[in-house]
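Residue numbering for the sequence shown follows this note's numbering, beginning at 35 and increasing consecutively.
A quick write-up on the structure given underneath.
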Amino acid sequence: MSKTSKYLLMIGIYLFLSSLFLIGIECGLRAFGYGVDLDHLFLQTANGKYLYLNKNISRRYFTQSQATNGNVEFFRKKKQKNTFRIFVLGESAAMGFPYPNNISFQRMLKYQLQKTNPDKDIEIINLALTAINSYTFYDFAQELVHFKPDAIFIYGGHNEYYGALGVGSNNTLGSHPTFIRWAIRLRQLRLTQWLDSLKSHLSPQKEFSDNLMKYVVKEQVIPYKSKLFQQGLEQFQNNMKLVLNLFKKHQIPVFFSTVGVNLKDLKPFKSISSDEHSADEYYQLAQEQLQAQDSIAAYTSFSRARDLDALRFRAPKEINEIIRELAKDDDNIYLVNTEEEFNRKSPFGIPGRELLLEHVHPTIEGHRVIANCFLEVLRQNQSCFSNKKLQIGTSEDLYNFPVLEFDSLAGEYACLQLRKGFPFYEKDLSTITPKTEVEKIAANYVRQKNWYQSMDQLYQYALNSKNEKLCLDILRVRITDNPYDLTFLGQGGEFAEIRKEYPLAIFFYTRSFRLYPTVQTAQNLVAIHLRLDQPDLALPYIEYILRNGNPKFNGLKELCHKIIQYKQELNWQSNDSIRQTIRSIYLQMGNQDAADLYN
């Protein structure tokens, strides 16, 4: 054997033993339960029936001290035939920040589509996270294709510079995409987690919870059209091509939205001198043009001020151009033009504080606009869902979505807190002095970020104050959050009955019965259907009760058949005698509400 061969053999043995050693450490760490599971995007509930977003998943992209949490939303591990499943990819704007869990365009879509499609399980799962970008979208996409989505919704593009692994971020791992994707995989290892923990102990990090924006920025000046600026655009374009091609390969339609930004009511964060006017000069010019009622020129100048803003927390116009270009020639991608709709819905055609709280995060009305944009594109492109067809409803229906006073207050308090710090540093902002119980619960939520605890406190307050409407609204919110919770469905049905909102009570009880049929739920449905003069709809539940050993309902079954027969006769001729007969049968049942319909 030559010296070269011996040398190569020694290197091979060394690499093999080193790899074996590292694998042994990794296996040992896992065996002793060290670290957290970053291998799986979704974890399963204790009963194994439902999945939810891994709360630690952002540690694939952030250090432990910077990691953020998404919302916990449950969906079935085994998808049912009547299920319509959509995953939403996005950043903090799509997540609903700074509002609590209840406020986002995704929740509004979920609520409306479930109401208009009561025979289906509508699963719209929000996977948006704060301060992530297209690297996360692609990483998630590789796993999402295995969970049988009917569609993917995407609303994002603001964080290509300062989001996790972005070109101007403190959390970047270099500029080579392949290396970054490998690094994401390495972070799933317990050994990597141990090394990260060791590094944190040796070099303690500051707390990031006060304002993550302050700590993610490495390059505070990224001039327009600079090399770093172009790298951010290329990063977005290349990652999104991978995302879209992957979903196309698996025949999963993608609804890809342009993003809205605050142009009118946000002064540029960082204005620098250049060959042309600075961002501040363009912003001042835009205000003067708006004062002169030249809204078209003002829009152009405001947009230019945004593009020249060197602190890049807002997506430049090129991001939306890339989105449109990617959607243009691909029959698997459906463009959702939110930017255009924001312009149309804004005073003077220029988005500002009416639809956006600060730079990019929508107001409650802004989320309604986004939700309606997705609904309209869904309505126009239902053919992409094979045999599944959805009832969409109207844009007015979105105003039936339950927005709590708590939601508005918590969003307002969190936004005030945000605007006091980097990069806003706004002065003369009002001070939070909560007085009412709801205000105190909202302020406490902003401090502790425990939405479930806040909802429990708010519900207890509503019970104690005998506020039945608030009780019902909270339950509507909780059921939208977790449509598989039988307790909330039962309580929702009860309060809807108390408030005589019978269609809503039927909706809750019917869903509960489909998930877990019981005689009690069947009896509730029989009572409401008969109260609404719907004996034909009551009969299936009467049959269920009889099959489960309650013969007392035989008499009720016979009376229902009689009413159905008499109602059919009424369809042929108007007869007071028949009406009085139906009335007497309902009175025999003790059903005054239905009897009154036949006076």
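All C-beta atoms, glycine included, are put in the ideal place defined by N, C-alpha and C.
If the five residues before and after Glu460 are omitted, its C-beta is found closer than 7 Å to the C-beta atoms of Arg453 and Lys454, all from its own chain and listed in chain order. For the pair Gly190 and Gly124, the CB atoms are nearer than the 7 Å cut-off.
Nearest C-alpha to Asp73 among Tyr95, Gly58, Ala80 and Lys83: Tyr95. When secondary structure is reduced to three states using DSSP, Gln78 falls in the strand class. Contact between Asn273 and Phe171 holds: their C-beta atoms lie close to 7 Å from each other, under 8 Å. For Arg119, the beta-bridge partners assigned by DSSP are Glu157.
Around the C-beta of Gly82, fewer than 16 other C-beta atoms lie within 10 Å, and the residue is accordingly described as exposed. The closest CA to that of Val295, considering only Tyr145, Leu450, Ile353 and Gln451, is found on Ile353. In terms of CA proximity to Thr467, Leu443 leads the group Asn484, Ser488, Leu443 and Asp490. In this structure, DSSP gives Pro574 a helical state, which the three-state scheme calls helix.
Remark: C-beta atoms of Pro385 and Leu300 do not approach each other more closely than 7 Å.
With a contact defined as Cβ atoms closer than 8 Å, Arg110 and Tyr145 miss out at about 19 Å. Less than 7 Å divides the Cβ of Leu220 from the Cβ of Thr226.
Taking C-beta atoms as the reference points, Phe118 and Lys154 count as a pair closer than 7 Å. Of the other Cβ atoms in all chains shown, 16 or more fall within 10 Å of the Cβ of Phe587; this residue is therefore buried.
Counting C-beta pairs with one atom in each stretch, the region 557-574 and the region 525-545 have three or more that are closer than 8 Å, which means they touch.
Contact between the region 305-320 and the region 407-414 is not established, with fewer than three Cβ pairs separated by less than 8 Å. Here Met44 is exposed. Its C-beta has fewer than 16 other C-beta atoms within 10 Å.
Your pair Ala198 and Tyr169 checks out as a contact, with CB atoms roughly 7 Å apart and the cut at 8 Å. With contacts defined as CB atoms closer than 7 Å, Ser92 and Leu163 qualify as a contacting pair. Gly124 carries a strand assignment under DSSP once its states are collapsed to helix, strand and coil. For secondary structure counted as the alpha helix (DSSP H) over 4 or more consecutive residues, the region 473-503 holds these complete runs in sequence order: 485-498.
Unbroken beta strand (DSSP E) runs of no fewer than 3 residues, entirely contained in the region 350-435, are found at 367-370, following chain order. Under the 8 Å Cβ criterion, the region 321-337 does not count as touching the region 359-375, having fewer than three qualifying pairs. By DSSP's assignment, Val288 forms a beta bridge with Ile186 and Ile367. The beta carbon of Phe529 sits closer than 8 Å to those of Glu502, Cys505, Leu506 and Leu509, all from its chain and outside the five residues before and after it, given in chain order.
Secondary structure at Ser203: strand, using DSSP grouped into helix, strand and coil. Two segments are said to touch when three or more pairs of C-beta atoms, one from each, lie closer than 8 Å; by this definition the region 464-484 does not touch the region 274-285.
When the alpha-carbon of Glu439 is set against those of Gly130, Asn136 and Phe121, the nearest one is in Asn136.
For Leu621, the enclosing alpha helix (DSSP H) stretches over residues Asp610 to Met623. Around the Cβ of Arg346, a 10 Å sphere holds 16 or more other Cβ atoms; the residue is buried. Following the DSSP letters along the chain, one finds Leu147 inside the alpha helix (DSSP H) bounded by residues Phe139 to Thr150.
The C-alpha of Gln554 lies about 40 Å from the C-alpha of Cys418. Going by beta carbons, Gly266 and Val201 fall inside the 7 Å limit. Classified as exposed, Leu229 has fewer than 16 neighbouring CB atoms from the shown chains inside 10 Å of its CB. When the beta-carbon positions are compared, Ala405 and Phe139 come within less than 7 Å of each other.
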